[in-house]
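Student: After the structure tokens below, expect a handful of questions from me.
Number of protein chains: 2
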Amino acid sequence: MKRDSRKTEIIKTATKLFKEKGYSAVTMRDLATAMGIKAASLYNHISSKQEILSDIIISLAEEFTYGLEAIKKTEENSIEKLKKICHLHVNITANNPYGMASLNNDWMHLEDQLTYYKKLRKDYEEDFRTVIEEGVKTNLIKDAKTDVMLFSMLSTLRSLYIWLPKKEDVKLELFADELSSILINGINK
Amino acid sequence: MKRDSRKTEIIKTATKLFKEKGYSAVTMRDLATAMGIKAASLYNHISSKQEILSDIIISLAEEFTYGLEAIKKTEENSIEKLKKICHLHVNITANNPYGMASLNNDWMHLEDQLTYYKKLRKDYEEDFRTVIEEGVKTNLIKDAKTDVMLFSMLSTLRSLYIWLPKKEDVKLELFADELSSILINGINK
DNA sequence: ATGTTTGACTAACACTTGTTAGTTATAATG
DNA sequence: CATTATAACTAACAAGTGTTAGTCAAACAT
């Protein structure tokens, strides 16, 4: 499967360009130039610009879905689950920070897969909320506005792609620990 | 100054379209159609598509700069300053949530004003960091990774535009209080 | 009433967009 | 060696891009 490896290169290059200028601002000619070939040659490997975007976003979205699915099955308490969710985001984002930019900013340019993506995202958010609500029930988490908690944590985790590329790889688990500690325990002394 | 009011309408409409599809994906013909006129007519009021984006982003960025400037001059302690920063973000975002989408996602498409915008943002982040560091010095804030704290708070505050439009106007100050409480005190019981 | 500004219009420009068709040198396979 | 698949190429298209020039009716100012 040589064909596959070339396609992967294209997607990898596209991912980088998309995070810099966004999907709509990146031309097939831009992408071709970055690959050192002509725009028409791209179509020996991919079928459309759309397909590239779908590949980037859907595979990431599914990673999150499967990751959370695994955490849900765990027997640990809500706080531990939240910590694991933080690690999940840190790990996925560290593996593909540029792709996360597309997922965050260009999902609306999905066409065929738009409704599927939206379903994945909605389900993910609902499961995330459930973890928090369980924590409230079991008296581990403050009985304050759970939607504000959810919003705050999700916002931070979704923005990881902006900050994470600057981190060295070794300290990744440490960083995830620090992050979850701040999200859960706050910054107050 | 009738001319000005029409220009304002155009920018307002553009802001709405930009948040839905991003700057690059919105056509001058899209914008014209949304205004009920033809694309060429837009140029009686504005000089370029670029100008619209600059107007949206720079005015918002300056609002943040001036707001933080005022908070810095305050005699209150770091925790109080952080609370005020939360209110600043909530208020500015509530006034122009769609514009915040452009500021967050389309700043890279600024041309003439790009370096100016970057300077404003860099200065803002540095001042924000200083507030946190002062809090650590005065023993009000945990002596943990201040950059992770900064990242977490900024991420949440910058994502407000996604969630805020759904909130009713009356509860705005209350929401800002809840938010700053969660950011500062965490969710842990 | 008359002259001027306003803000819309049509027509068009030069260029860029994603994509297809057809060609060809190289590499893999029988 | 002959054949086929691969992956690049050139050329081109049809549609869409931001923007300019020039026109003209209605509203305003004198």
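Each protein sequence line maps, in turn, to chains X and R. Counting with our numbering, you get residues 1479 to 1667 for the letters of the first sequence. Counting with our numbering, you get residues 1479 to 1667 for the letters of the second sequence. A virtual CB, placed ideally from N, CA and C, is assigned to each residue, including glycine.
1) Measure from the C-beta of residue 1587 (chain R) to each C-beta in chain X and report whether the shortest distance is under 8 Å.
2) Does the Cβ-Cβ distance between residue 1555 (chain R) and residue 1628 (chain R) come in under 8 Å?
3) Which whole-angstrom value describes the C-beta separation of residue 1559 (chain R) and residue 1549 (chain R), a residue pair presumed to lie in contact below a C-beta threshold of 8 Å?
4) With 16 other CB atoms within 10 Å as the buried threshold, where does residue 1525 (chain R) fall?
5) Could you pull out every unbroken beta strand (DSSP E) segment of at least 3 residues lying fully inside the region 1569-1605 of chain X, listed in chain order?
6) To which residues of the same chain is residue 1562 (chain X) closer than 6 Å at the C-beta, ignoring the five residues directly before and after it?
7) Would you check if the distance between the CB atom of residue 1534 (chain R) and the CB atom of residue 1580 (chain R) is smaller than 8 Å?
8) Under the three-state reduction of DSSP, which class applies to residue 1660 (chain R): helix, strand or coil?
9) Hey, which unbroken runs of the alpha helix (DSSP H) at 4 residues or more fall wholly within the region 1526-1565 of chain X?
10) Please list, in chain order, all residues of the same chain as residue 1631 (chain R) whose beta carbon is under 6 Å from its beta carbon, the five residues on each side excluded.
11) Comparing the C-beta of residue 1526 (chain R) with each C-beta of chain X, is any distance below 8 Å?
12) Assign residue 1652 (chain X) to buried or exposed, taking buried as 16 or more other Cβ atoms, counted over all protein chains shown, within 10 Å of its Cβ.
13) So the alpha helix (DSSP H) residue 1520 (chain R) belongs to, where does it begin and stop?
14) Does at least one heavy atom of the ligand PLP sit under 7 Å from the Cβ of residue 1519 (chain R)?
15) Taking the alpha-carbon of residue 1529 (chain X) as reference, which of X:1620, X:1592 and X:1574 has the nearest alpha-carbon?
16) Expressed to the nearest angstrom, what Euclidean distance is found between the alpha-carbon atoms of residue 1626 (chain X) and residue 1611 (chain R)?
17) Take residue 1552 (chain X) as the anchor and find which of X:1615, X:1642, X:1520 and X:1609 has the nearest alpha-carbon.
18) Could you round the C-beta distance between residue 1590 (chain R) and residue 1500 (chain R) to whole angstroms and report it? I think they count as a contact, below 8 Å.
19) Say whether chain R places a C-beta atom closer than 8 Å to the C-beta of residue 1609 (chain X).
20) Who are the neighbours of residue 1568 (chain R) on chain X, taking C-beta pairs under 7 Å?
21) Select from R:1602, R:1594, R:1545 and R:1531 the residue whose C-alpha is nearest the C-alpha of residue 1577 (chain R).
Tutor: Let's see:
1) Start at 1 with the first residue of the second sequence, and residue 1587 (chain R) comes out as number 109. For residue 1587 (chain R), the nearest CB of chain X lies under 8 Å from its own CB, placing it at the interface with that chain.
2) In the second sequence, residue 1555 (chain R) corresponds to position 77, counting from 1. In the second sequence, residue 1628 (chain R) corresponds to position 150, counting from 1. No, they are not a contact pair.
3) For the purposes of this step, residue 1559 (chain R) is taken as the residue at position 81 of the second sequence. For the purposes of this step, residue 1549 (chain R) is taken as the residue at position 71 of the second sequence. Approximately 6 Å separates the beta-carbon atoms of residue 1559 (chain R) and residue 1549 (chain R); this is inside 8 Å, confirming the contact.
4) The count along the second sequence starts at 1 and reaches residue 1525 (chain R) at position 47. Taking a 10 Å sphere around the C-beta of residue 1525 (chain R), we find fewer than 16 other C-beta atoms and assign the residue as exposed.
5) Fully enclosed beta strand (DSSP E) runs of 3 or longer: not present.
6) As a position in the first sequence, residue 1562 (chain X) is number 84, starting the count at 1. Contacts found: 1549.
7) In the second sequence, the residue the question calls residue 1534 (chain R) occupies position 56. In the second sequence, the residue the question calls residue 1580 (chain R) occupies position 102. In this structure, residue 1580 (chain R) lies closer than 8 Å to residue 1534 (chain R) by Cβ.
8) Stepping through the second sequence from its first residue, residue 1660 (chain R) is reached at position 182. Three-state result, residue 1660 (chain R): helix.
9) Runs of the alpha helix (DSSP H) lying entirely within the region 1526-1565 of chain X and spanning at least 4 residues, in chain order: 1527-1551.
10) Position 153 of the second sequence, counting from 1, holds the residue named residue 1631 (chain R). Cβ within range, chain order: 1661.
11) Reading the second sequence from its first residue, position 48 is the one you call residue 1526 (chain R). Taking CB atoms only, residue 1526 (chain R) has no neighbour in chain X less than 8 Å away.
12) Working through the first sequence from its first residue, we reach residue 1652 (chain X) at position 174. By the neighbour-count criterion, in which 16 or more other beta carbons inside 10 Å mark a residue as buried, residue 1652 (chain X) falls on the exposed side.
13) Walking along the second sequence from the start, residue 1520 (chain R) turns up at place 42. Counting along the chain, the unbroken alpha helix (DSSP H) around residue 1520 (chain R) starts and ends at 1517-1520.
14) Although the ligand PLP was asked about, the structure shown includes no ligands whatsoever.
15) Locating residue 1529 (chain X) in the first sequence gives position 51, counting from the first residue. If you compare the alpha carbons of X:1620, X:1592 and X:1574 with that of residue 1529 (chain X), the shortest gap goes to X:1592.
16) Within the first sequence, residue 1626 (chain X) is the residue found at index 148, counting from 1. Within the second sequence, residue 1611 (chain R) is the residue found at index 133, counting from 1. Taking the CA atoms as reference points, residue 1626 (chain X) sits about 25 Å from residue 1611 (chain R).
17) Working through the first sequence from its first residue, we reach residue 1552 (chain X) at position 74. With respect to the C-alpha of residue 1552 (chain X), the residue from X:1615, X:1642, X:1520 and X:1609 having the closest C-alpha is X:1609.
18) Indexing the second sequence from 1 puts residue 1590 (chain R) at position 112. Indexing the second sequence from 1 puts residue 1500 (chain R) at position 22. Residue 1590 (chain R) to residue 1500 (chain R), Cβ: 20 Å. No contact.
19) As a first step, residue 1609 (chain X) must be located in the first sequence, where it is residue number 131. Any Cβ of chain R closer than 8 Å to the Cβ of residue 1609 (chain X) would place that residue at the interface, and such an atom is absent.
20) If you number the second sequence from 1, residue 1568 (chain R) lands on position 90. Result: empty, since nearest Cβ-Cβ is about 11 Å, beyond 7 Å.
21) Sequence index remark: in the second sequence, residue 1577 (chain R) carries index 99 (1-based). Answer by Cα proximity: R:1531.
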